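Visitor:
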Amino acid sequence: MVARTFSALQHRNYRLFFAGQLVSLVGTWMQNVSQAWLVYDLTGSPFKLGLVSFASGVPALVFSLWGGVVADRMPKRRLLLMTQAIMMVLALALAADVFLGTVRWWHIAILAFLLGTVTAFDGPARQAFVVEMVGRRELMNAIALNSAVFNSARIIGPAVAGVVLATVGAAWCFLLNGVSFLAVLAGLYLMNVPAYVGAAPTGSALSQMREGVSYIRRHPVVRPLITLVAVSNMFATGYSALLPALADGVLHVGTVGYGFMSTAVGVGALAGALAIASLGAVEHKGLILTMGNLLFPTMVIAVALSRSYHLTIGLLVLVGLGFMTQNATANTLVQTTVSDSLRGRVMSVYIMVFQGFFPVGSLIAGSVAEKLGVPAGAASGGIIALAYALFFFWRAPQIRALR
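With the working numbering, letter number 13 in the sequence shown gets -2, and the count goes up by one each step, no holes.
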C-alpha cells in the first residue's frame, strides 16, 4: 500500500521536483495567508479582500491560453526556471515594501496581478511537465502526490504564518517565501532532462490556441469536466477569500485562529490527496469525482452557517476533502484523455478556469459580503455550486461512468 501510494517517487527527476515544491509551497502558503490578513488589516473591507484576489486571478483568464502555447513550444524545465525566479523576485519586493513601511493595499493588488501573470505561464508548463517526469502509467499517482505536497504545505504554511504574523509581522512571511523558491530552483537545475525534441510548430500561436479550444469544445468528456471545474471554482471557492473576515468578524479568533482555519482546509485536502494516491489506477473515477463535487459546496454552506470555531474547523476539513477529491480526479481524467501534442494547451484552459475563475468568485463573494454580511457572501457561492453539482449529476451520466 505504501509503495503504491508513493510510486511516482521512483523517478529521480520527480523526487527533486517533489522536494523542491514541498519547501517552496510552504512559503507560498505563508504569503497567501499573510497577504490576505494584511489587506484586511489595512482596509477592514471584505470587498477589497475579494478585489486583491480578483487581481491575482485575472491574468489566468487573459494569459493562460498563451501560456499553454508557450508550454507546447519550448522546454518546460527552462520555462519553469524562468517563472520560478520571477516569482521569487516578486515575493522579495513585497517583503521590502512592508519592511520599509510604505505598503498600501493597492501595492499588494499590483504585485498579486504580476504574480498571477507569471503563474499563467508557469501553470501549464508545470502540469504538462509531470507526465515527462513520470510517464502516463504513474500520472494519476504523481498528480495526487503533487496535491499532497500542495496540501501538506497548506497545513504547515498557514499555521506557521499565523504565529509569524502574531509575533514579527507579515514582512517576514513574504521574505521567507522569497527564500523558499531557492529549493524548487535547485531541484529543477539538478534534473537530468533529455534534450528537448518538440514537435515543430504548425501555424501561428493564435491558430494553435484555437486548435486547443476547439478540441475541448468538441470533446464529450473534456468539455463537461472543464465546465464542472469552472463553475466550482467560480462559486464554491469564494468562501476562502473571506476566511480572514470569518475568523475576525464572525468567530472572533484572531490571526492564530485564522491560520488554523486555513490549515484545516489543508488537512482535509491532504487526506483526500493521499487517499487518491493510494488507489493507484482505480476504476470508477467518475463516481469519485461526483462524490467530491457534491461534498465540497455542501460543506462550504455549512461553514458559512457555523458560529462555533471548533465546528468550523471540522467542517473546513471536509471542505478540503471534497475540493481535493473533485479536482485531483478531474485533473487526472483530463490529462489521461488528451494527446501529448495538445496537453499544454488543454491544461492551460483547465488552469484558466481553475485559477482564473476563483478570483471572479472571490470578487462576487466579497461584494455580497459587503452588502449582506460575511456569512451570506460565503454561503451564496456554495448554494450556486451545489445547484450546478446536482444538475451535473442529472445531466452528465457519462462522467459518472468514467473508469
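Glycine is no exception: its CB is placed at the ideal position from the N, C-alpha and C atoms.
Please read these numbers as outputs of a predicted model, since none were measured by experiment.
Under a three-way DSSP split, which group does phenylalanine -9 fall into?
Guide: Working through the sequence shown from its first residue, we reach residue -9 at position 6. DSSP places phenylalanine -9 in coil when its eight states are reduced to three.
Visitor: To the nearest whole angstrom, what separates the beta carbons of leucine 301 and valine 288, a pair I think is in contact under 8 Å?
Guide: Here residue 301 refers to the residue found at position 316 when the sequence shown is read from its first residue. Here residue 288 refers to the residue found at position 303 when the sequence shown is read from its first residue. With a Cβ gap of about 6 Å, leucine 301 and valine 288 count as contacting.
Visitor: For the alpha helix (DSSP H) containing valine 338, list its first residue and its last residue.
Guide: Locating residue 338 in the sequence shown gives position 353, where the first residue counts as 1. Element bounds for valine 338: n/a, residue is neither H nor E.
Visitor: Could you pull out every residue in the same chain whose Cβ sits closer than 6 Å to the Cβ of valine 103, ignoring the five residues on either side in sequence?
Guide: Along the sequence shown, one-based indexing puts residue 103 at 118. Excluding residues within five positions, the ones whose Cβ falls inside 6 Å are Thr68, Ile71, Met72.
Visitor: Alpha carbon to alpha carbon, how far is isoleucine 93 from serine 137?
Guide: Position 108 of the sequence shown, counted from the start, is the residue given in the question as residue 93. Position 152 of the sequence shown, counted from the start, is the residue given in the question as residue 137. Their Cα atoms are separated by approximately 26 Å.
Visitor: Measure the CB-CB distance between glycine 142 and valine 11 and report whether it falls below 7 Å.
Guide: As a position in the sequence shown, residue 142 is number 157, starting the count at 1. As a position in the sequence shown, residue 11 is number 26, starting the count at 1. For glycine 142 and valine 11, yes; Cβs fall inside 7 Å.
Visitor: Just the Cα atoms here: how many angstroms apart are serine 291 and methionine 246?
Guide: Within the sequence shown, numbered from 1, the residue matching residue 291 stands at position 306. Within the sequence shown, numbered from 1, the residue matching residue 246 stands at position 261. Distance between the alpha carbons of serine 291 and methionine 246: 13 Å.
Visitor: So, at 6 Å on beta carbons, what are the nonlocal neighbours of leucine 7 in its own chain, with the 5 sequence-adjacent residues on each side left out?
Guide: Within the sequence shown, numbered from 1, the residue matching residue 7 stands at position 22. Counting only Cβ-Cβ distances below 6 Å, and skipping sequence neighbours, we find Val134.
Visitor: Give the straight-line distance between the Cα atoms of leucine 259 and serine 30, rounded to the nearest whole angstrom.
Guide: Sequence index remark: in the sequence shown, residue 259 carries index 274 (1-based). Sequence index remark: in the sequence shown, residue 30 carries index 45 (1-based). Roughly 37 Å separates the two Cα atoms.
Visitor: For leucine 279, which residues from the same chain have a beta carbon less than 6 Å from its beta carbon, with the 5 sequence-adjacent residues on both sides left out?
Guide: Here residue 279 refers to the residue found at position 294 of the sequence shown. Excluding sequence neighbours, leucine 279 sits near Ala374.
Visitor: If you follow the alpha helix (DSSP H) that alanine 81 is in, where does it begin and where does it stop?
Guide: Translated into positions along the sequence shown, residue 81 becomes position 96. Alanine 81 -> alpha helix (DSSP H) spans 61 to 84.
Visitor: Using 10 angstroms around the beta-carbon of phenylalanine 376, count the other beta-carbons present and answer buried if the total reaches 16, otherwise exposed.
Guide: Along the sequence shown, read from residue 1 onward, the residue named residue 376 stands at position 391. It counts as exposed.
Visitor: Between leucine 124 and alanine 4, what straight-line distance do the alpha-carbon atoms span, to the nearest angstrom?
Guide: For the purposes of this step, residue 124 is identified with residue 139 of the sequence shown, where counting begins at 1. For the purposes of this step, residue 4 is identified with residue 19 of the sequence shown, where counting begins at 1. Leucine 124 and alanine 4: Cα-Cα distance of roughly 17 Å.
Visitor: Where does arginine -3 sit, in a helix, a strand or coil, going by DSSP?
Guide: Taking the first residue of the sequence shown as 1, we reach residue -3 at position 12. When DSSP states are grouped into helix, strand and coil, arginine -3 belongs to the helix group.
Visitor: To the nearest whole angstrom, what separates the beta carbons of alanine 113 and proline 44, a pair I think is in contact under 8 Å?
Guide: Taking the sequence shown and counting its residues from 1, the one referred to as residue 113 is at position 128. Taking the sequence shown and counting its residues from 1, the one referred to as residue 44 is at position 59. Not quite, the Cβ-Cβ distance comes to about 19 Å (not below 8 Å), so this is no contact.
Visitor: Quick one: give me the first and last residue of the alpha helix (DSSP H) that serine 217 is part of.
Guide: Along the sequence shown, one-based indexing puts residue 217 at 232. 207 to 220 is the extent of the alpha helix (DSSP H) around serine 217.
Visitor: What residues in its chain sit with their C-beta under 7 Å from that of glutamate 117, if we drop five residues either side in the sequence?
Guide: Sequence index remark: in the sequence shown, residue 117 carries index 132 (1-based). Excluding residues within five positions, the ones whose Cβ falls inside 7 Å are Lys61.
Visitor: Given a cut-off of 7 Å on the beta-carbon distance, is the pair leucine 272 and alanine 350 in contact?
Guide: Here residue 272 is taken as the residue at index 287 of the sequence shown, counted from 1. Here residue 350 is taken as the residue at index 365 of the sequence shown, counted from 1. Not closer than 7 Å, so no.
Visitor: Using CA coordinates, which residue listed in Pro205, Ser132, Val153 is at the minimum distance from threonine 314?
Guide: The sequence position of residue 314 within the sequence shown is 329, counting from 1. The shortest Cα separation from threonine 314 among Pro205, Ser132, Val153 belongs to Ser132.
Visitor: On the CB-based measure, 16 or more other CB atoms within 10 Å of its CB, does glutamine 311 come out buried or exposed?
Guide: The sequence position of residue 311 within the sequence shown is 326, counting from 1. Classification of glutamine 311: buried, given that the 10 Å Cβ count is 16 or more.
Visitor: Can you check which of these residues, Arg63, Val241, Phe378, Gly253, is closest to leucine 170 by C-alpha distance?
Guide: Counting from one through the sequence shown, the residue named residue 170 turns up at place 185. It is Arg63.
Visitor: To the nearest angstrom, report how far apart asparagine 17 and aspartate 107 are at their CA atoms.
Guide: Along the sequence shown, one-based indexing puts residue 17 at 32. Along the sequence shown, one-based indexing puts residue 107 at 122. One C-alpha to the other measures close to 17 Å.
Visitor: Give the range of the alpha helix (DSSP H) segment to which threonine 152 is assigned.
Guide: One-based indexing of the sequence shown puts residue 152 at position 167. Threonine 152 -> alpha helix (DSSP H) spans 124 to 152.
Visitor: Which residues mark the beginning and the end of the alpha helix (DSSP H) in which threonine 314 is found?
Guide: For the purposes of this step, residue 314 is identified with residue 329 of the sequence shown, where counting begins at 1. Where threonine 314 is concerned, the enclosing alpha helix (DSSP H) stretches over 294 to 322.
Visitor: Here's the rule: buried if 16 or more other CB atoms are within 10 angstroms of the residue's CB, otherwise exposed. What is proline 382?
Guide: Looking up residue 382 in the sequence shown gives position 397. The residue in question, proline 382, is exposed, as its Cβ has fewer than 16 Cβ neighbours within 10 Å.
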